[in-house]
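Comments concern the structure below.
In the working numbering, the protein residues as written are 5 to 438.
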């Protein structure tokens, strides 16, 4: 097993920061425990470098000619093992040692094939790392379409986050990606990423950052993005009752509470008498990966409705929620424990769950798998300050997973499964084959 080389640095001049990263990568590639000839690079930069993105990529490509394929994007922050760089010029790089026949870089000019190839020996997408511009029209539908082009339907990644150009990196075959022509490797808008074949072993989990403040309800009436009724009651009345506020008299205190409240949406489930009818757990704040947190964007006093930043339909499930530091920390610890337990069930210890619930240990212990590298995409509203201090979020990840190579960025929205999330973190680890 070989670790994926990784490096990260900050400097006002991108050339100096890149030189520092290159020194780290070369030093690791010379070690016997790290891959010596990786061909796929992941590059994440903060928006301070967005204007020099093309020059930065060209410089890296020239200095690492063995790395023929690149993917990545820009964020308001980037992350590495135990470190976060927020609102400062920085980059984070990881080089993946994956067989060339087990991955494909794709973009708008070289899209992922719609139909998986037959048994003729062509590449078949199994999962995909996806980067996207949040301003792309019909983005949710496009994410679902990309997911449908993979065998598992599983995506992981996030939306570019930048106060300037929302650049993405996508280059394959040292600039000769089929269909790319002279477009180069830096794009602005659309979607891009890397599709992985079935031979690339990985695990991925979503961690939520909000705590429910009321019970789950079924949307019984809706129009476009406005929830009109929850369990037959006016949605606005349910929201005000949940928050124990009133719009009568001085509405400002109530409106402040509403502005601090979000809505957790999930698709309709079969069986109205399922466990989803019960109040959501408040101690851990764990919504589950089927829940997407959305902003409340308005109140409809005439129809007693609540407008959300997403389209809603009758039958969907909704729970009002609020951001909560303790819930976010507990849920991040939970997904890290789940990953460790799945990789080495024989070594999992009872009591790892932050909720105090014993983790199940496999009755038939399996041989443990090692982590080669990890990708962590977190919401730009999270990060160290939200978790209590600089780099606190990544310190939690390192404490749980150990000193493994890690790369990532702070996004304008997170992608997991075939959905777009908010206020979440998506942790993906590459492992030895099962």
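Heads up, the beta-carbon is just placed ideally off N, CA and C, and yes, glycines get one too.
| Asked | Found |
| --- | --- |
| Excluding sequence positions up to five away, which residues of its chain have a Cβ less than 7 angstroms from the Cβ of residue 225? | 232, 233, 318 |
| Return yes when the Cβ of residue 208 is within less than 8 angstroms of the Cβ of residue 160, no when it is not. | yes |
| Where in the stretch 184-242 do unbroken runs of the beta strand (DSSP E), each at least 3 residues long, occur, reported from the N-terminal end onward? | 190-192, 195-200, 206-211, 214-216, 221-227, 230-234 |
| Just to confirm, is the Cβ distance from residue 8 to residue 100 under 8 angstroms? | yes |
| Need the endpoints of the beta strand (DSSP E) that residue 304 sits in, please. | 296-304 |
| Could you spell out the range, first to last residue, of the beta strand (DSSP E) harbouring residue 98? | 94-100 |
| Note down, in chain order, each residue of its chain lying with its Cβ closer than 6 angstroms to the Cβ of residue 198, except the 5 sequence neighbours on either side. | 75, 107, 109, 133 |
| Is the number of C-beta pairs between the stretch 57-76 and the stretch 9-22 that are closer than 8 angstroms three or more? | yes |
| Let's see if you can read the secondary structure: which residues bound the beta strand (DSSP E) around residue 412? | 410-415 |
| Measure from the alpha carbon of residue 102 to the alpha carbon of each residue in 73, 344, 83, 271, then state which is nearest. | 73 |
| If you reduce the DSSP assignment to three classes, tell me which class residue 54 lands in. | helix |
| Go ahead and label residue 5 buried or exposed: buried means 16 or more other beta carbons lie within 10 angstroms of its beta carbon, across all protein chains shown. | exposed |
| Taking the beta carbon of residue 88 as the centre, do at least 16 other beta carbons fall within 10 Å, making it buried, or is it exposed? | buried |
| Using DSSP with H/G/I as helix, E/B as strand and the rest coil, what is residue 148? | helix |
| Going straight from the alpha carbon of residue 357 to that of residue 59, what length do you get? | Its pLDDT being 41, under 50, residue 357 is placed unreliably in this model, and the value from its coordinates should be taken loosely. Cα to Cα, the separation comes out at about 45 angstroms. |
| For residue 41, which residues in the same chain have their Cβ closer than 7 angstroms to its Cβ, ignoring the five residues on either side in sequence? | 70 |
| Residue 261: which of 272, 46, 246, 13 sits nearest, CA to CA? | 246 |
| So, residue 436 versus residue 373, is the Cβ gap smaller than 8 angstroms? | yes |
| If we ignore side chains and look at the alpha-carbon of each, how far apart do residue 376 and residue 116 end up? | 26 angstroms |
| By how many angstroms is the C-alpha of residue 56 removed from the C-alpha of residue 412? | 19 angstroms |
| I need the DSSP call for residue 179, collapsed to helix, strand or coil. | Confidence in residue 179 is poor, its pLDDT being 44 and thus under 50, which makes the residue's placement too unreliable to answer from. |
| What residues in its chain sit with their C-beta under 7 angstroms from that of residue 460, if we drop five residues either side in the sequence? | A question about residue 460 goes unanswered here, because the residues of the chain that appear run from 5 up to 438. |
| According to DSSP, is residue 78 helix, strand or coil? | strand |
| Tell me which residues share the same chain as residue 422 and place their Cβ nearer than 7 angstroms to its Cβ, disregarding the 5 neighbours each side in the sequence. | 147, 148, 151, 157, 159 |
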